[in-house]
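A.B. asks: The listed protein sequences derive, respectively, from chains A and B.
Going by our numbering, the first sequence opens with residue 1, and the numbers climb by one from there.
Going by our numbering, the second sequence opens with residue 1001, and the numbers climb by one from there.
Just so it is clear, CB atoms sit at the ideal spot from N, CA and C, and this is done for glycine as well.
2 protein chains.
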Amino acid sequence: MKETVNKALLWRYATKVFDPEKILTKEELHPVLDAMRLAPSAFGLPIWKAVVITDKSLRTKLRAAAWNQPQVTDASHLIVLAVRKHIDEKLVDAYIAQMAKTRNTDIESLTGFGDMMKGFIRSKDAGWIREWAARQTYIALGFALETAALHQIDTCPMEGFDPKQFDEILGLDAQGLESKVIFAIGHRSNEDTSALAAKVRLPDTEIFIGMN
Amino acid sequence: MKETVNKALLWRYATKVFDPEKILTKEELHPVLDAMRLAPSAFGLPIWKAVVITDKSLRTKLRAAAWNQPQVTDASHLIVLAVRKHIDEKLVDAYIAQMAKTRNTDIESLTGFGDMMKGFIRSKDAGWIREWAARQTYIALGFALETAALHQIDTCPMEGFDPKQFDEILGLDAQGLESKVIFAIGHRSNEDTSALAAKVRLPDTEIFIGMN
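1. Does A:F143 come out as helix, strand or coil in the three-state DSSP assignment?
2. Quick check on this structure: which residue in A:I209, A:E206, A:A134 has the alpha carbon closest to the alpha carbon of A:S41?
3. What number of angstroms, rounded off, separates the C-alpha of A:M116 from the C-alpha of A:Q136?
4. List the residues of chain B whose Cβ lies closer than 8 angstroms to the Cβ of A:E206, in chain order.
5. Which same chain residues end up closer than 6 angstroms to A:T111 when comparing Cβ atoms and leaving out the 5 residues on each side of it in sequence?
6. Would A:S194 be called buried (16 or more neighbouring beta carbons within 10 Å of its own) or exposed?
7. Excluding the 5 residues flanking B:D1106 on each side, which residues of the same chain have their C-beta closer than 7 angstroms to its C-beta?
8. What residues from the segment 1078-1107 of chain B come within 8 angstroms of chain A, judged by C-beta to C-beta, listed N to C?
9. I'd like to know whether the C-beta of B:M1116 is nearer than 8 angstroms to at least one C-beta of chain A.
10. In the DSSP output, what is B:K1049 paired with across the bridge?
11. Per DSSP, what kind of secondary structure is B:A1097 in: helix, strand or coil?
12. Using DSSP with H/G/I as helix, E/B as strand and the rest coil, what is B:M1158?
13. Could you pull the start and end residues of the beta strand (DSSP E) that B:V1181 belongs to?
14. Spatial neighbours of B:K1061 within its chain, please: C-beta separation below 8 angstroms, excluding the five flanking residues on both sides.
15. Looking at the unbroken alpha helix (DSSP H) that takes in A:F208, where does it start and where does it end?
16. Pull up the CB-CB distance for B:A1082 and B:E1159, whole angstroms please, since I reckon it's below 8 angstroms.
17. Would B:L1038 be called buried (16 or more neighbouring beta carbons within 10 Å of its own) or exposed?
18. Please list the partners that A:D34 has in chain B, where partner means a Cβ-to-Cβ separation under 7 angstroms.
19. Given that a residue counts as buried once 16 or more other Cβ atoms are within 10 Å of its Cβ, and exposed if not, what is A:H86?
20. Could you name each continuous alpha helix (DSSP H) segment of 4 residues or more that falls completely within the segment 1002-1050 of chain B, going from the start of the chain to the end?
21. Considering only residues of the same chain and omitting the five flanking positions on each side of A:L28, which have a CB-CB separation below 8 angstroms?
22. Just the C-alpha distance for B:L1202 and A:R84, rounded to the nearest angstrom, thanks.
23. In its own chain, which residues sit with a C-beta less than 6 angstroms from the C-beta of A:I23, not counting the 5 before and 5 after it?
24. Count the other CB atoms within 10 Å of the CB of B:A1008; is the residue buried (16 or more) or exposed (fewer)?
25. Rounding to the nearest angstrom, what Cα-Cα distance links A:F143 and A:R188 in this structure?
26. Would you say B:N1212 faces chain A, with C-beta separation under 8 angstroms as the test?
27. Taking C-alpha atoms, which residue in B:N1190, B:P1031, B:F1208 lies nearest to A:Q175?
28. A:F143 versus chain B: which residues are under 7 angstroms apart at the beta carbon?
29. So with Cβ pairs under 8 angstroms, would you call B:V1052 a contact of chain C?
30. Quick check: the Cα distance between A:E21 and A:A184, rounded to an integer number of angstroms?
Quick look at the structure:
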């Protein structure tokens, strides 16, 4: 397993040129989406949703709002991670209801946990909650990118897009969502020379601090 | 591979009770740290450092600043992800120098890329950069948690700690660092009943939005 994971993570790179002919089947995409679903988030709260886009004309519009990066249209799929704008008591109640259902337990026995989460949310200002929510999506992003690499599927995570334009084009605002980070997924083109470039990392001593 | 990854991600949970006798060897910990190192970050910039802590008396102090959560002291290791406070031209230059060295190319040929990053950083205010940096650590966190699970190593990601107190106890401020998120790593105790609780996730239709 050690070698398998290491090899996959070295094979991974932010793909610049995708092969537009290589389309992922639902069966191929599923493990990546499922890894995102199984990623942890603060308290386990369902803070984000993922928009999975294949439509080419829609992606042409999105590309114009993403510095014209070809990955947006040329990859098999584009995935937009968006957070809920309303992280509130209603969301906590929905989560608690799902917990009671999943674990076959009384909602009443979960009141303490629910109240704790509600108290936490109330104690923070809206700006803080917004950033906290955004950070959770990056855990899911990490799970997606690593899982894709393990399945020899290429990805390109991207922050270079206009979230407001994305929200408008995708109608996310009306769904109470805000786009935070996106990634393209598919298969690299043989012409992508950036696949050959060695990964640049500072020496371990500049990354890890040991305190024994 | 599909089944292996899915099994590992279902096996993973935020471990509440670690077995303090089960200490990870350097060889066991290495793939997890290495996955963090290989995780992507914006532009590839080395935005964070990870503090790897075994010392028990140090962890006792940290536990007091983390709601007295036993994972902090009882897991094999505690890992603190901290971002650089100075994300500036100097950091870009260090990264560009490393890139030239790794890829055996002239620094001059990378001037355009360096200038682009410097321009990006200059165009944002300090608060935005701080949050942007924090988000990058969560990608590395995702890679660490997934990789650990693939190696049957338990983790508990934690946001419930006082970053300022952590920075003081660990002397991070003097090193130009700020703690952002932490995780405990080791092996679960047989007594941790939370290992048995089913993962709570909303139905797929509440998580994924398909746009074909």
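C.D. replies: Based on what the coordinates show:
1. Residue 143 of chain A sits at position 143 when you count from the first residue of the first sequence. Looking at A:F143 - three-state DSSP - the assignment turns out to be helix.
2. Counting from 1 along the first sequence, the entry for residue 41 of chain A is found at position 41. Of the candidates A:I209, A:E206, A:A134, the one whose C-alpha sits nearest the C-alpha of A:S41 is A:A134.
3. Residue 116 of chain A sits at position 116 when you count from the first residue of the first sequence. Residue 136 of chain A sits at position 136 when you count from the first residue of the first sequence. Cα-Cα distance, rounded: 19 angstroms.
4. Locating residue 206 of chain A in the first sequence gives position 206, counting from the first residue. Ordered by position in chain B, the residues that pass the 8 angstroms Cβ test against A:E206 are P1046, K1049.
5. Counting from one through the first sequence, the residue named residue 111 of chain A turns up at place 111. Within the same chain, A:T111 has no close Cβ partners at all.
6. Within the first sequence, the letter at position 194 stands for residue 194 of chain A. By the neighbour-count rule (16 or more Cβ atoms within 10 Å), A:S194 is not buried but exposed.
7. In the second sequence, the residue the question calls residue 1106 of chain B occupies position 106. Closer than 7 angstroms at Cβ, skipping near neighbours: A1100.
8. A1094, Y1095, Q1098, M1099, T1102, R1103
9. Locating residue 1116 of chain B in the second sequence gives position 116, where the first residue counts as 1. No, no contact with chain A.
10. Taking the first residue of the second sequence as 1, we reach residue 1049 of chain B at position 49. The partner list for B:K1049 (beta bridge, DSSP) reads B:A1082.
11. Numbered from its first residue, the second sequence carries residue 1097 of chain B at position 97. Helix, per DSSP.
12. Indexing the second sequence from 1 puts residue 1158 of chain B at position 158. Here B:M1158 sits in strand by DSSP.
13. Residue 1181 of chain B sits at position 181 when you count from the first residue of the second sequence. That run of the beta strand (DSSP E) goes 1177-1186.
14. Within the second sequence, the letter at position 61 stands for residue 1061 of chain B. Result list for B:K1061: I1169, in chain order.
15. Within the first sequence, numbered from 1, the residue matching residue 208 of chain A stands at position 208. Counting along the chain, A:F208 falls outside any alpha helix (DSSP H), though it belongs to the beta strand (DSSP E) covering 208-211.
16. For the purposes of this step, residue 1082 of chain B is identified with residue 82 of the second sequence, where counting begins at 1. For the purposes of this step, residue 1159 of chain B is identified with residue 159 of the second sequence, where counting begins at 1. Wrong, their Cβ atoms sit about 14 angstroms apart, outside the cutoff.
17. The residue you call residue 1038 of chain B lines up with position 38 of the second sequence. Result: buried.
18. For the purposes of this step, residue 34 of chain A is identified with residue 34 of the first sequence, where counting begins at 1. Chain B residues near A:D34: N1006.
19. Position 86 of the first sequence, counted from the start, is the residue given in the question as residue 86 of chain A. Under this definition A:H86 is an exposed residue.
20. 1002-1011, 1026-1038
21. Here residue 28 of chain A is taken as the residue at index 28 of the first sequence, counted from 1. According to the sequence displayed, residue 28 of chain A carries Glu and not Leu. Correct list, in chain order: H151, I153.
22. Along the second sequence, read from residue 1 onward, the residue named residue 1202 of chain B stands at position 202. Along the first sequence, read from residue 1 onward, the residue named residue 84 of chain A stands at position 84. Rounded to whole angstroms, B:L1202 to A:R84 spans 14 angstroms at the Cα level.
23. What you label residue 23 of chain A is simply residue 23 of the first sequence in a count that begins at 1. Cβ neighbours of A:I23 beyond the five flanking positions: S76.
24. As a first step, residue 1008 of chain B must be located in the second sequence, where it is residue number 8. Burial call: buried.
25. If you number the first sequence from 1, residue 143 of chain A lands on position 143. If you number the first sequence from 1, residue 188 of chain A lands on position 188. Between A:F143 and A:R188, the C-alpha separation is close to 19 angstroms.
26. Here residue 1212 of chain B is taken as the residue at index 212 of the second sequence, counted from 1. Output row for B:N1212: interface = yes.
27. One-based indexing of the first sequence puts residue 175 of chain A at position 175. If we check each option's Cα against that of A:Q175, B:F1208 comes out closest.
28. As a position in the first sequence, residue 143 of chain A is number 143, starting the count at 1. Result: G1142, E1146.
29. The question asks about chain C, but that chain is absent: this structure's protein chains are A and B.
30. Mapped onto the first sequence, residue 21 of chain A falls at position 21. Mapped onto the first sequence, residue 184 of chain A falls at position 184. Straight-line Cα distance between these residues: approximately 14 angstroms.
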